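Colleague: Sharing a structure, written as structure tokens. Questions coming.
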Amino acid sequence: MAIDKFVTLKTTCVPLPVENVDTDQIIPARFLKATTRDGFGENLFRDWRYDKSDKPVKEFVLNNPAYSGKVLAAGKNFGSGSSREHAAWAIHDYGFKAVVSSFFADIFKNNALNNGLLPVQVSPEFLAKIFKEIDKNPETEVEINLEMQKITLLSTGESENFEISPYKKKCLLNGYDDIDYLLSIKDKIEAFEAGKSI
Amino acid sequence: MGKTLFDKVWDSHVVSQIEGGPSVLYIDRHLVHEVTSPQAFAGLDRRGISVFRPQNTVATPDHNVPTVNQDLTIQDKLSRMQVEKLKENTKKHGINHYGLNHPYQGIVHVIGPELGLTQPGMTIVCGDSHTSTHGAFGCVAFGIGTSEVEMVLATQCILQPKPKRMRITVDGKLKKGVGAKDIILYIISKISASGATGYFVEYAGSAIRNLSMEGRMTICNMSIEMGARGGHIAPDATTFEYIKGREFAPKGDEWEKKLAYWKNLFTDDDAVFDLELNYDAADIEPMITYGTNPGMGVGITGSIPKLDEIEESTKASFMKSMKYMDFEAGSNILGKTVDYVFVGSCTNGRIEDLRAFAKFVEGKKKADNIVAWIVPGSRQVEAQAKAEGLDKVLEAAGFVLRQPGCSACLAMNDDKIPEGNYAVSTSNRNFEGRQGPGARTMLASPITAAAAAITGKVTDPREFL
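Protein chains in written order, with my numbering: chain A, 1002 to 1199; chain B, 2 to 466.
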């Protein structure tokens, strides 16, 4: 089954300059009770986004009409904590196609990639520049080119390359799915099992 | 060059290597719970395939279950649906399922070891980040997302990039009142909540070696809290003794064969790690956290860092954390008010944890201002506690032993710490809202939790030892 393809993206960003954004903030545990993958965007950053009487918190960036776009730019160690893939689903379901940070937690990175959500790891300096430019002008755009593995800050023209495994890059560019690949090598898996001594 | 324990286990499970990409890793044991599996089972249905190796898969509901009246229908409709869905999915695919009220039900990371399902040298995954717990047996065990759960259900394999190797050595003798939980909170406070991201950690040294299996599980459990892919400890006589005779442990000739293999699971003397860290056990005090990630911990007689001690780039996050906790930078930890005490979770919900808590509170009384939830990690832990009369000791001191589940560790069931309240908790995460919206969590060991439960405030447990 195919995942969303990712090729290039030109968009404004939503800035969240907070470090160690854990998956409990992205989607609190009490919203994990669904048995489908849909609708988690509604509760993305629930407890930062709404107060206890479910009114939007004005200061929170998702409630600020000045900011929009398909890229979430966040502080270092984004997606730490729980392995809940619901965090990646929530971000994707809300409408983001990529998350830019200076550092991602491992499991979140895998979960994002498995859902066509591109984690773009940049240097702390480049991330600081993105935040600074958005602060000056919320209309600031970035362009992400997966084939070139390059992110460009369009207001200044500065760019930086980012890492991604060639395998995952191919999957995202083509919308390939890991499970289809594994199913295609089932004979190898069975041979491995047969040769396992312990 | 010799191999690390990690390399030995990982390499022996590689089915194939994708060029410029991840390894196809074979998984020996797949543990499944109700929250992260329904979408994976639905994925199999969409593909029109069934579970490839149901015999390598075990399921139990734990995250959502109530910790009282488990014999009655679950009141929360959505929780009930997830628990029922797990039962339905496992039945359909022929997977062993220990449902509510089954004598083997419990937190998935507690039941794996206690049933002998967790064995040295295995690869173990589960859709839960605390799967690292099983590393205590010399496994390569790690948490995965739901797409990966589907991958393992479909093919018994997972695509994983090989992490780097780190060894953390803790040598020397622990001081009185200091245990496994304090060791791991100390390590995380030193290297931060992201300090081991990209690594798989081996814990070594005399202080680790001298721990019981349950203490080792507490250490490995929290590997993820410093960002590590997983953490493990080479198996030894303590490990083999623990496994022997358990329900799914190998028996007879099979035991001898496995034992011979397990004895080779150690890091060779000339093996090289990408990073080595060393700590002295004597430097560790009873630990407690003051902030909103597990790296924000300090010795209990210490104080919260002052703002000028915090790195510039981290200051905003630190201040956000202080505001959430309503703590002053630079203030002392001792004497802070506590409202709730939670003992339980896959970190500290095993029998030794309940024994330590019960022994501490024996002959004392719970403070009036404290609400305490004492939650065994499994049905078997609950039964053992009762067989040892721990429930009676707890009752005499004003505590009640509840029924098993993840409970207030992540507050998916009704066990939620109310907004603004402070909890001393033996669990693993102090994130904002983790134990309930607005809840303020301080992570600590079972005896530090016991000291708080007795005095009603943050207290050095050594005052009572």
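Glycine included, each C-beta is placed from N, C-alpha and C at the ideal position.
Since this is a predicted model, take the numbers as computed values, not measurements.
Let me check one thing: in DSSP terms, what residues is E1142 (chain A) bridge-paired to?
Modeller: Partner(s): A:T1013.
Colleague: Would N294 (chain B) pass as an interface residue toward chain A - the criterion being a Cβ-Cβ separation below 8 Å?
Modeller: True, the Cβ-Cβ gap to chain A drops below 8 Å.
Colleague: Of the residues A:G1040, A:N1115, A:I1092 and A:A1075, which one's Cα is nearest the Cα of G146 (chain B)?
Modeller: That would be A:N1115, whose Cα lies nearest to the Cα of G146 (chain B).
Colleague: Is R1047 (chain A) near F1032 (chain A), with beta carbons less than 8 Å apart?
Modeller: A contact, by the Cβ cut-off of 8 Å.
Colleague: Which parts of the region 192-271 of chain B are runs of the beta strand (DSSP E), unbroken and 3 residues or longer, counting only runs that do not cross its ends?
Modeller: You should have 200-205 and 231-233.
Colleague: Assuming T302 (chain B) and Y423 (chain B) form a contact by the criterion Cβ under 8 Å, report the distance between their Cβ atoms to the nearest whole angstrom.
Modeller: About 18 Å; that fails the 8 Å criterion.
Colleague: Note down, in chain order, every chain B residue with its Cβ under 7 Å from the Cβ of P1167 (chain A).
Modeller: Those within 7 Å of P1167 (chain A) in chain B are G21 and G22.
Colleague: Residues of the region 401-415 of chain B with a CB closer than 8 Å to any CB of chain A: list them in chain order, please.
Modeller: Going along the region 401-415 of chain B in chain order, one finds L411, A412 and M413 with a Cβ nearer than 8 Å to chain A.
Colleague: For L1183 (chain A), which residues in chain B fall below 8 Å Cβ to Cβ?
Modeller: Simply V25, M152, A155, T156, C158 and L160.
Colleague: How many whole angstroms separate the CB atoms of V66 (chain B) and L32 (chain B), which I take to be in contact at a CB cut-off of 8 Å?
Modeller: V66 (chain B) to L32 (chain B), Cβ: 16 Å. No contact.
Colleague: Which residues, taken in chain order from the region 113-142 of chain B, show a beta carbon closer than 9 Å to some beta carbon of chain A?
Modeller: Correct list: G122, C127, G128, D129, S130, H131 and T132.
Colleague: Using a Cβ cut-off of 7 Å, which residues of the region 1025-1038 of chain A contact any Cβ in chain C, in chain order?
Modeller: The chain labelled as chain C is not found among the protein chains of the depicted structure, namely A and B.
Colleague: Can you tell me where the alpha helix (DSSP H) with A1113 (chain A) in it begins and where it stops?
Modeller: Here the alpha helix (DSSP H) through A1113 (chain A) covers D1107 to L1114.
Colleague: Is T68 (chain B) near Q404 (chain B), with beta carbons less than 8 Å apart?
Modeller: In this structure, Q404 (chain B) lies closer than 8 Å to T68 (chain B) by Cβ.
Colleague: Per DSSP, which residues does R441 (chain B) bridge with? Please list them.
Modeller: Beta-bridge pairing links R441 (chain B) to B:Y423.
Colleague: Using Cβ-Cβ distances below 8 Å, what residues of the region 300-326 of chain B are close to chain A?
Modeller: So the close ones are S314, T315, A317, S318 and K321.
Colleague: What does D1005 (chain A) reach in chain B if we use C-beta pairs closer than 8 Å?
Modeller: What D1005 (chain A) touches in chain B: nothing, since even the nearest Cβ is about 13 Å away.
Colleague: Does any residue of chain B have a CB that is nearer than 8 Å to the CB of I1186 (chain A)?
Modeller: Yes, because at least one Cβ of chain B sits closer than 8 Å to the Cβ of I1186 (chain A).
Colleague: Among the candidates B:T290, B:E329 and B:P121, whose CA atom is the shortest distance from the CA of L308 (chain B)?
Modeller: With distances taken between Cα atoms, L308 (chain B) lies closest to B:E329.
Colleague: State buried or exposed for T1009 (chain A), treating a residue as buried only when at least 16 other CB atoms are found within 10 Å of its CB.
Modeller: With fewer than 16 Cβ atoms within 10 Å of its Cβ, T1009 (chain A) is classed as exposed.
Colleague: Three Cβ pairs or more, each shorter than 8 Å: is that satisfied between the region 1101-1108 of chain A and the region 1073-1082 of chain A?
Modeller: Contact holds: three or more Cβ-Cβ distances are below 8 Å.
Colleague: With H, G and I counted as helix, E and B as strand and the rest as coil, what does DSSP make of K1034 (chain A)?
Modeller: Looking at K1034 (chain A) - three-state DSSP - the assignment turns out to be coil, as it is neither helix nor strand.
Colleague: Where DSSP assigns a beta bridge to M167 (chain B), which residues make up the other side?
Modeller: Paired residues: B:V202 and B:L276.
Colleague: Beta strand (DSSP E) containing S1102 (chain A): first to last residue?
Modeller: Segment A1099 to S1102, the beta strand (DSSP E) holding S1102 (chain A).
Colleague: Just to confirm before moving on: does the CB-CB distance between K182 (chain B) and N294 (chain B) stay below 8 Å?
Modeller: Against a cut-off of 8 Å, the Cβ pair of N294 (chain B) and K182 (chain B) comes out as no contact.
Colleague: Distance, Cα to Cα, L1045 (chain A) vs T170 (chain B)?
Modeller: Roughly 39 Å between the two C-alpha positions.
Colleague: Report the three-state DSSP secondary structure of G113 (chain B) (helix, strand or coil).
Modeller: Helix at G113 (chain B).
Colleague: Between A368 (chain B) and the rest of its own chain, which residues show a CB-CB distance below 7 Å, the 5 nearest in sequence each way excluded?
Modeller: Once the five neighbours on either side are set aside, the close Cβ partners of A368 (chain B) are A454, I455, T456 and G457.
Colleague: Note down, in chain order, each residue of its chain lying with its Cβ closer than 6 Å to the Cβ of S207 (chain B), except the 5 sequence neighbours on either side.
Modeller: Around S207 (chain B): D172.
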